[in-house]
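>
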Amino acid sequence: MKQKYTIDTTALMSYFANVFEIKCKISKEAISIINEAFDEKKHILLIPSIVFIEIFSKQFTSPEKAAQIRYTVYEKIKSCENVSIEAIDKELLECFIQITDIESEHNFDNHDKIIFATAMKYQSSLITSDLRLIRYNKKKKLIPTIID
Numbered sequence: 072m073k074q075k076y077t078i079d080t081t082a083l084m085s086y087f088a089n090v091f092e093i094k095c096k097i098s099k100e101a102i103s104i105i106n107e108a109f110d111e112k113k114h115i116l117l118i119p120s121i122v123f124i125e126i127f128s129k130q131f132t133s134p135e136k137a138a139q140i141r142y143t144v145y146e147k148i149k150s151c152e153n154v155s156i157e158a159i160d161k162e163l164l165e166c167f168i169q170i171t172d173i174e175s176e177h178n179f180d181n182h183d184k185i186i187f188a189t190a191m192k193y194q195s196s197l198i199t200s201d202l203r204l205i206r207y208n209k210k211k212k213l214i215p216t217i218i219d
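For the record, in the sequence shown the residue sitting at position 102 is 173 according to the numbering used here, with numbers rising by one throughout.
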């Protein structure tokens with residue numbers, strides 16, 4: 072059975088760092104897992120739909136940039152059979168409301184909660200470099216592992 076990995080916005084953008092013109096913020100291990108999912112179909116990648124909302128709202132800075140992201144990122148994801156874009160549903164909302172007792176100085180927004188809830192729903196590993204999510208899971212242990 073293929074292992075499932077949920078990836079957050081920073082992880083997806085880091086994988087496509089050349090498109091987004093950013094420095095990669097995830098480990099070689101995380102890049103390798105994503106490569107194996109895309110190129111060798113070894114894993115299942117779960118991408119919460121909110122990831123695309125974040126990317127579209129922050130990265131579509133011009134028609135040219137939007138077209139580049141659509142072609143290079145979205146089309147690759149859409150054409151890969153073992154990559155799933157995950158919608159918000161009842162089960163995900165049940166996980167979302169279980170995310171409680173977040174330390175006020177390390178609070179994370181609803182985007183991050185939806186991403187974390189997706190990993191909870193599938194009991195998948197989460198690929199992220201977000202220290203708040205890493206710290207929260209160390210304390211609560213709601214998902215199996217985090218790969219940064």
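Backbone N, C-alpha and C define an ideal beta-carbon position, used for all residues, glycine too.
Three or more C-beta pairs closer than 8 angstroms, one from the region 146-153 and one from the region 165-176: is that the case here?
Contact fails: fewer than three Cβ-Cβ distances are below 8 angstroms.
> Would a C-beta distance cut-off of 9 angstroms place T77 and I156 closer than the cut-off?
no
> CA-CA distance, K113 and F91?
26 angstroms
> Go through its chain and collect everything with a Cβ distance to T80's Cβ below 7 angstroms, but skip five positions before and after it.
V122, E125 and I126
> Since S85 and C95 are thought to touch, with beta carbons under 8 angstroms apart, how far apart are those beta carbons, to the nearest angstrom?
Yes, they are in contact, since the Cβ atoms of S85 and C95 sit about 4 angstroms apart, within 8 angstroms.
> When we look at the beta-carbon of S133 and count the other beta-carbons within 10 Å, is it buried (16 or more) or exposed?
Its Cβ having fewer than 16 others within 10 Å, S133 is exposed.
> Quick check: the Cα distance between Q194 and P215, rounded to an integer number of angstroms?
C-alpha of Q194 to C-alpha of P215: approximately 6 angstroms in a straight line.
> So is L164 buried or exposed if we call it buried at 16+ other beta carbons inside 10 Å?
exposed
> Label D201 either buried or exposed according to how many other C-beta atoms from any shown protein chain fall within 10 Å of its C-beta, with 16 as the threshold for buried.
buried
> In angstroms, rounded to a whole number, what distance separates the CA positions of S98 and E162?
30 angstroms
> Measuring CA to CA, which of K75, F87, E100 and K73 is closest to D219?
E100
> In whole angstroms, give me the CA-to-CA distance for T171 and A108.
32 angstroms
> Counting along the chain, where does the alpha helix (DSSP H) carrying L163 start and finish?
K161 to F167
> If you measure between the beta carbons of C166 and A188, is that distance less than 9 angstroms?
yes
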